[in-house]
C-alpha cells in the first residue's frame with residue numbers, strides 16, 4: 026500500500042508508507058508542528074510489534090526519496106554478526122546491548138535491522154524520555170506478550186531519574202532485552218570517571234556513577250563511521266541508485282553518513298556565503314548552530330534567529346554580498362534538499378527552528394571553530410528568561426566551552442531564586458577550579474536550599490581536605506535525609522576511624538537503599554574481619570550486578586587466602602565490567618609470583634586504559650632491574666609531568682640510585698610541596714646519608730612538631746650523635762612515653778652515660794616489656810656484671826629466643842662459671858651450629874619492637 030499525505034506547509038508534508046505494517050510515517054505533523062492530526066495518527070496500539078514499526082520513527086536517518094521509499098535497502102555491516110549474537114542472548118536471558126559510534130555511522134539502522142531479524146513479534150517499547158521510560162516499566166515487564174526496550178540516543182535516558190543500574194539489573198532479571206545507541210562523544214563523557222573528573226562536567230557525583238554503572242552493564246559494540254572494504258563490496262551489489270552514489274563517495278564519508286546527506290548540506294551552506302548565493306540564509310544557519318552550541322538546542326524563536334543572524338551577515342561582508350531579504354533567507358534555509366531534510370528544521374514549539382544535527386556536529390567537531398560570540402549568549406539568555414531548565418542548559422553549555430562568567434551568572438541567579446541545583450552547580454565550578462573555600466560556601470548554600478546531593482559533595486570535599494570529622498558530619502546530614510551514597514561514605518569514615526561495627530551498620534543501610542558502591546565497602550570490611558564466605562557471596566552478587574570495584578575487592582580477598590587463580594579470574598571480570606584499575610592488581614600479582622613479562626603487560630594495559638598512577642607503577646616495577654633504570658626514569662618523569670605527585674617521590678628515589686643527588690633533592694622538595702608527607706623523612710634520611718646532618722634537622726623537627734614518633738626517634742639519634750645529650754634525652758623520652766620500646770632502650774643508654782645505674786636498669790625493663798628484645802641482651806650483661814647469674818641467664822635466654830643468637834656464647838660462659846658443663850656445652854654447640862646473625866637479628870628485632878606500641 027502506497028499513499029501520500031499532502032501538507033499545508035510548502036511541500037514539506039510528504040509521508041510514505043514503508044510497507045512494514047499499519048503505521049504512519051508523517052512528515053506533516055513534524056514539520057507543521059500542529060496538534061490537529063494527533064488524534065487520527067495515534068489510534069493504533071501504543072506498543073506496536075517490531076515488524077509493524079517504521080524505521081524512520083525509530084530514529085533511522087532519512088535518505089533521498091527513491092521508489093516511494095525514504096529508507097534504502099539495508100547493506101549488512103561487519104559488526105552485525107556481533108550485534109545479532111549479543112542481542113539474541115539478550116532476548117533469551119535479558120540484558121542491554123549498546124551500539125556506540127559517530128553521528129550517522131548507521132547505529133540506529135543496524136539496531137533496527139537486528140530487532141527486526143531476531144525478534145519481529147516482540148512488542149516494541151520506545152519511550153520518548155526518562156519520564157515516559159519510568160512510566161512504561163511496569164507494562165514492559167508485566168505485559169502478556171514479550172517486549173523489548175528501544176533506547177535510541179541512550180544518553181537521554183541514563184541517570185538517577187531514568188535508567189539506573191538497579192533498573193537495568195531488574196530488567197535483565199525479568200528477561201527483558203534492551204537495545205540502545207549512543208554517539209561516541211556522549212559515551213566518552215559518561216565513562217570518564219577512571220581518571221580525574223572533567224572540569225566541563227556539571228553533573229553531580231552520584232549522577233556520574235549511576236550513568237557509568239549502567240554503561241558497565243551493557244554489552245557494547247563499537248561501530249566505525251567509515252565502511253570496510255567488505256561492506257563497500259556488499260554495497261556495490263545493491264541495485265539502488267542512492268547506495269551506488271554513496272559508495273562513490275565512501276572513501277571520504279561513511280556510506281550511512283553520506284546517505285543522510287549531511288556533507289552535501291554542509292557544502293551548500295558554505296557556498297551560500299558567496300556573492301550571488303544565499304548569504305542571509307547562511308547567516309541564519311550559522312546563528313542557529315551557535316544557538317545550539319550556547320545551549321538553546323531545539324526551539325529558537327524566529328525573532329531571536331533574525332536578530333542574531335545580522336552580525337554574522339555583517340562579519341561576512343554585509344551589503345557587499347547582495348544578501349536576500351529575510352523572508353527569502355528563511356525559506357531557503359528551511360527548504361528540503363535532496364528529498365531528505367533541510368538545513369533549518371522546525372523546532373519543538375510552533376514557530377521555532379533548530380539547526381540540522383549534522384551541521385551542528387560538523388562545527389562542534391571542527392578544531393578551528395570560533396567561540397560562541399557574546400551577543401549570542403546575550404540573545405539566548407534573553408529568549409530563555411523564566412525557563413529554568415533551558416537556563417540551566419545554557420549555563421552547562423557555557424561551562425563546557427570555558428565561558429564560566431555566563432555559567433556563574435545563570436546558576437547564581439537560580440540560587441538567588443531558591444533553586445538548589447543552581448547553587449550546587451556554582452559550587453562544582455569553584456571546586457574544579459581549585460577554589461575549595463568558595464565551593465564549600467556554595468555547597469552549604471545548596472544544602473540549605475534542599476539539596477542532599479550537595480551535602481554528600483561537601484563531604485567529598487572535606488574528606489579530600491582530610492577534615493574527616495567535618496566530612497562525617499555532612500555525610501551524616503545527607504544520610505539522615507535518605508541519601509544512600511552518603512551512607513556509604515559514612516561507612517568509610519567510620520572504617521578509617523577504626524569503628525568497624527559502626528561502619529558495617531552504615532554499609533548495610535546503604536545497600537538496603539540500593540547504593541551501587543556499598544557492597545564493595547562492606548565486602549572489604551568483611552574480608553579484613555575474616556568473614557570470607559559472606560564477603561565472597563556479597564561481592565560476587567555485586568559483580569553480577571555490574572559493579573567492577575566489587576570484583577576488585579573480591580580479588581583482594583582471594584589473594585589474602587593465596588587463591589591466585591581465583592583472584593586473577595575476579596580481576597579479569599572487573600576489567601570486563603569497566604574497572605580498569607584491576608589491571609594494576611593483575612600486574613602486581615604477576616610480579617609477586619615472578620611472572621615479570623605478564624606483570625609488565627598488565628602495567629602497560631593500565632597505561633593504555635589511563636589508570637591513574639599506571640606509568641609511575643610501571644616505572645617503579647622496571648627500576649628493580651638496574652639495567653632498565655633509564656627506561657624507568659623516563660616513565661616516572663612522564664607521570665610527574667602529568668601531575669602525579671607520588672611520581673615526584675619515586676623519581677627522587679631513582680635519581681638517588683643513579684647518584685644524581687642534587688636533582689633528587691629537588692624532586693623530594695617538589696613532592697613535599699605537593700603534600701606527599703612520606704617525602705619529608707626520605708629527604709631527611711637522604712641528607713643524613715650525604716653527610717648533610719644540619720640540613721636534615723629542620724625536616725626532622727617539622728615532623729616532630731606534627732607528632733611523628735618515627736621522626737622523634739630519628740632526630741633524637743641525630744642529637745645523640747652530635748653530643749647534645751639533653752636534647753636527645755628529651756626526644757627519646759617523648760617517643761618512649763608514646764610507646765616506642767626502642768626509644769626506651771636509648772633512654773636507658775643515656776642514663777648509663779650519666780652513670781645512673783638505677784635509671785639504666787629501669788628503662789631497660791620498660792623497653793623489654795614493650796617488646797624490644799635487645800633490652801634483654803643488655804639486662805643480661807648488667808646482671809652478669811653484678812654476679813647475679815639467675816636473672817642474667819633468664820634475660821639472655823629470652824634474647825636468644827627473640828633472635829639474638831650471639832648471646833649463646835655468653836650463656837655458655839655463664840653456665841660454665843657455675844659448673845654446669847653439660848648445659849654450657851649445649852649452648853656452645855648452638856654457637857658453632859651457625860646461629861649467629863647477631864646484627865641481622867638485632868635490626869629485625871629493633872624494627873619489630875619499634876612498631877609495637
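Numbering (our numbering), first residue to last: 26 to 878. Think of the CB as a built atom: it goes at the ideal place given N, C-alpha and C, for glycine as much as any other residue.
Residue 576 classed as buried or exposed, judged by whether at least 16 other C-beta atoms fall within 10 angstroms: For the purposes of this step, residue 576 is identified with residue 551 of the chain shown, where counting begins at 1. Buried.
4-residue-minimum alpha helix (DSSP H) runs that sit fully inside the segment 584 to 632, ordered along the chain: 589 to 601 and 607 to 617
Are residue 500 and residue 535 closer than 7 Å when you measure CB to CB? As a first step, residue 500 is located in the chain shown; it is residue number 475 there, counting from the start. As a first step, residue 535 is located in the chain shown; it is residue number 510 there, counting from the start. Their beta carbons are not under 7 Å apart, which means residue 500 does not touch residue 535 by this criterion.
Please report the distance separating the alpha-carbon of residue 493 from that of residue 234. Counting from one through the chain shown, the residue named residue 493 turns up at place 468. Counting from one through the chain shown, the residue named residue 234 turns up at place 209. Near 23 Å, if we compare the C-alpha coordinates of residue 234 and residue 493.
Identify the continuous beta strand (DSSP E) that holds residue 247 and give its terminal residues. For this step, residue 247 is matched to residue 222 along the chain shown. Here the beta strand (DSSP E) through residue 247 covers 244 to 247.
Could you give the first and the last residue of the continuous alpha helix (DSSP H) run that contains residue 158? Numbered from its first residue, the chain shown carries residue 158 at position 133. Note, residue 158: alpha helix (DSSP H), 155 to 167.
Residue burial classification, residue 345 (beta-carbon count within 10 angstroms, cutoff 16): Taking the first residue of the chain shown as position 1, residue 345 is located at position 320. Counting Cβ neighbours within 10 Å, residue 345 comes out exposed, since fewer than 16 surround it.
Are the Cβ atoms of residue 503 and residue 474 separated by less than 7 Å? In the chain shown, counting from the first residue as 1, residue 503 sits at position 478. In the chain shown, counting from the first residue as 1, residue 474 sits at position 449. No, they are not a contact pair.
Would you kindly work out how many angstroms separate the C-alpha atoms of residue 330 and residue 215, rounded to a whole number? The residue given as residue 330 occupies position 305 in the chain shown. The residue given as residue 215 occupies position 190 in the chain shown. If I take the Cα positions, the gap works out to 32 Å.
What's the gap between the Cα of residue 161 and the Cα of residue 190? In the chain shown, counting from the first residue as 1, residue 161 sits at position 136. In the chain shown, counting from the first residue as 1, residue 190 sits at position 165. When rounded, the distance between both Cα atoms is 17 Å.
Within 10 angstroms of the Cβ of residue 586, are there 16 or more other Cβ atoms? Answer buried if so, exposed if not. The residue given as residue 586 occupies position 561 in the chain shown. By the neighbour-count rule (16 or more Cβ atoms within 10 Å), residue 586 is not buried but exposed.
Buried versus exposed, by CB contacts within 10 Å (16 or more), residue 725: Stepping through the chain shown from its first residue, residue 725 is reached at position 700. Answer is buried; the Cβ neighbour count reaches 16.
With distances taken between CB atoms, is the gap from residue 679 to residue 642 smaller than 7 Å? By one-based count along the chain shown, residue 679 stands at place 654. By one-based count along the chain shown, residue 642 stands at place 617. Not a contact, by the Cβ cut-off of 7 Å.
Distance check for residue 791 and residue 715, CA to CA, integer angstroms please. For the purposes of this step, residue 715 is identified with residue 690 of the chain shown, where counting begins at 1. For the purposes of this step, residue 791 is identified with residue 766 of the chain shown, where counting begins at 1. Those two C-alpha atoms are separated by around 34 Å.
Mind checking who residue 175 pairs with in its DSSP beta bridge? As a working note, residue 175 is residue 150 in the chain shown. The partner list for residue 175 (beta bridge, DSSP) reads 204.
Going straight from the alpha carbon of residue 29 to that of residue 477, what length do you get? Residue 29 sits at position 4 when you count from the first residue of the chain shown. Residue 477 sits at position 452 when you count from the first residue of the chain shown. Model confidence at residue 29 stands at a pLDDT of 32, short of 50, so the residue's coordinates are unreliable; what they give is reported in the following sentence. So the alpha carbons of these two residues sit roughly 54 Å apart.
Which of helix, strand or coil does DSSP assign to residue 254? Translated into the one-based positions of the chain shown, residue 254 becomes position 229. Residue 254 falls in the helix class under three-state DSSP.
With 16 as the cutoff for other CB atoms within 10 Å, does residue 69 come out buried or exposed? Looking up residue 69 in the chain shown gives position 44. Unreliable placement is indicated for residue 69, whose pLDDT of 38 sits below 50; no coordinate value is reported for it.
Start and end residues, beta strand (DSSP E) containing residue 378: For the purposes of this step, residue 378 is identified with residue 353 of the chain shown, where counting begins at 1. 377 to 380 is the span of the beta strand (DSSP E), which, as asked, contains residue 378.
Kindly indicate which three-state DSSP category residue 183 falls into: helix, strand or coil? Stepping through the chain shown from its first residue, residue 183 is reached at position 158. Assignment of residue 183 by DSSP, reduced to helix, strand and coil, places it in the strand class.
So, is residue 668 buried or exposed, given that buried needs 16 or more other C-beta atoms within 10 angstroms? Residue 668 sits at position 643 when you count from the first residue of the chain shown. Exposed.
To the nearest angstrom, how far is the alpha carbon of residue 797 from that of residue 847? Counting from 1 along the chain shown, the entry for residue 797 is found at position 772. Counting from 1 along the chain shown, the entry for residue 847 is found at position 822. Each residue's alpha carbon lies about 30 Å from the other.
Just mark residue 484 as buried or exposed, buried being the case when its beta carbon has 16 or more other beta carbons within 10 Å. As a first step, residue 484 is located in the chain shown; it is residue number 459 there, counting from the start. Buried, since its Cβ has 16 or more Cβ neighbours within 10 Å.
Length of the line joining the Cα atoms of residue 614 and residue 169: For the purposes of this step, residue 614 is identified with residue 589 of the chain shown, where counting begins at 1. For the purposes of this step, residue 169 is identified with residue 144 of the chain shown, where counting begins at 1. Residue 614 and residue 169: Cα-Cα distance of roughly 51 Å.
Do residue 888 and residue 820 have their CB atoms nearer than 7 Å? Only positions 26 to 878 of the chain appear in this structure, which leaves residue 888 out of reach.
Please report the distance separating the alpha-carbon of residue 317 from that of residue 289. Locating residue 317 in the chain shown gives position 292, counting from the first residue. Locating residue 289 in the chain shown gives position 264, counting from the first residue. Answer to the nearest angstrom: the Cα atoms are 21 Å apart.
DSSP state of residue 321, grouped into three classes? Taking the first residue of the chain shown as position 1, residue 321 is located at position 296. It is coil, neither helix nor strand.
With C-beta atoms as the reference, is residue 179 less than 7 Å away from residue 125? Within the chain shown, the letter at position 154 stands for residue 179. Within the chain shown, the letter at position 100 stands for residue 125. Against a cut-off of 7 Å, the Cβ pair of residue 125 and residue 179 comes out as no contact.
Delimiting residues of the beta strand (DSSP E) encompassing residue 371: Taking the first residue of the chain shown as position 1, residue 371 is located at position 346. Unbroken beta strand (DSSP E) run through residue 371: 369 to 371.
Starting from the C-beta of residue 315, find all residues in its chain whose C-beta is less than 6 Å away, skip the five residues before and the five after it, and write them out in chain order. Taking the first residue of the chain shown as position 1, residue 315 is located at position 290. Around residue 315: 397 and 401.
Does DSSP put residue 853 in a helix, a strand or coil? The residue given as residue 853 occupies position 828 in the chain shown. It is helical.
Proximity winner among 455, 414, 93 and 145, relative to residue 76 (alpha-carbon distances): Taking the first residue of the chain shown as position 1, residue 76 is located at position 51. Checked all of 455, 414, 93 and 145; the closest Cα to residue 76 is 145.
Using the Cβ count rule (16 or more neighbours within 10 Å means buried), how would you classify residue 605? Residue mapping note: residue 605 aligns to position 580 of the chain shown, counting from 1. Looking at its Cβ environment, which holds 16 or more other Cβ atoms inside 10 Å, residue 605 is buried.
Is residue 18 helix, strand or coil when you go by DSSP? The first residue shown for the chain is 26 and the last is 878, placing residue 18 beyond what the model contains.
Cα-Cα separation between residue 703 and residue 122, rounded to whole angstroms: Against the chain shown, residue 703 aligns to sequence position 678. Against the chain shown, residue 122 aligns to sequence position 97. When rounded, the distance between both Cα atoms is 47 Å.
Compute every distance between the C-beta of residue 757 and the non-hydrogen atoms of the ligand NAD, then say whether any falls below 6 Å. Ligands in the displayed structure: none, and consequently the ligand NAD is not present.
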